[in-house]
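Working notes, beginning with the structure itself.
Residue numbers (the working numbering): 3 to 68.
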């Protein structure tokens, strides 16, 4: 994905690729990709204990760790 697309997704979602996040079920992880926008926005997160997962941001309730 081009850098400008990542920057646009970050502005839309409040998250960015490389950001550390926390999820109540999966624990701490790092965002590796962002896709979609609005209610369809998703983040791919690599969790330390649970591997990589795609999460719908409208549902996942991720919290920024940084």
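From the three backbone atoms N, C-alpha and C, an ideal C-beta is built for every residue, glycine too.
How far does the alpha helix (DSSP H) with residue i in it extend, from its first residue to its last?
{"i": "residue 35", "result": "Per DSSP, residue 35 belongs to no alpha helix (DSSP H); it is in the beta strand (DSSP E), 29-37."}
{"i": "residue 2", "result": "Outside the displayed range of the chain (3 to 68) lies residue 2, so it cannot be described from this structure."}
In whole angstroms, what is the alpha-carbon distance linking residue i and residue j?
{"i": "residue 63", "j": "residue 25", "result": "7 Å"}
{"i": "residue 6", "j": "residue 50", "result": "Model confidence at residue 6 stands at a pLDDT of 47, short of 50, so the residue's coordinates are unreliable; what they give is reported in the following sentence. If you take the alpha carbons of residue 6 and residue 50, they lie about 28 Å apart."}
{"i": "residue 42", "j": "residue 18", "result": "16 Å"}
Out of the options, which has the shortest C-alpha to C-alpha gap to residue i?
{"i": "residue 65", "options": "53, 40, 45, 39", "result": "45"}
{"i": "residue 36", "options": "48, 28, 27", "result": "48"}
{"i": "residue 34", "options": "60, 53, 40", "result": "53"}
DSSP beta-bridge partners for residue i?
{"i": "residue 48", "result": "32, 54"}
{"i": "residue 66", "result": "23"}
With residue i as the anchor, note down where its beta strand (DSSP E) starts and where it stops.
{"i": "residue 23", "result": "22-25"}
How would you label residue i, buried or exposed, when you count the other beta carbons within 10 angstroms and need 16 or more for buried?
{"i": "residue 22", "result": "exposed"}
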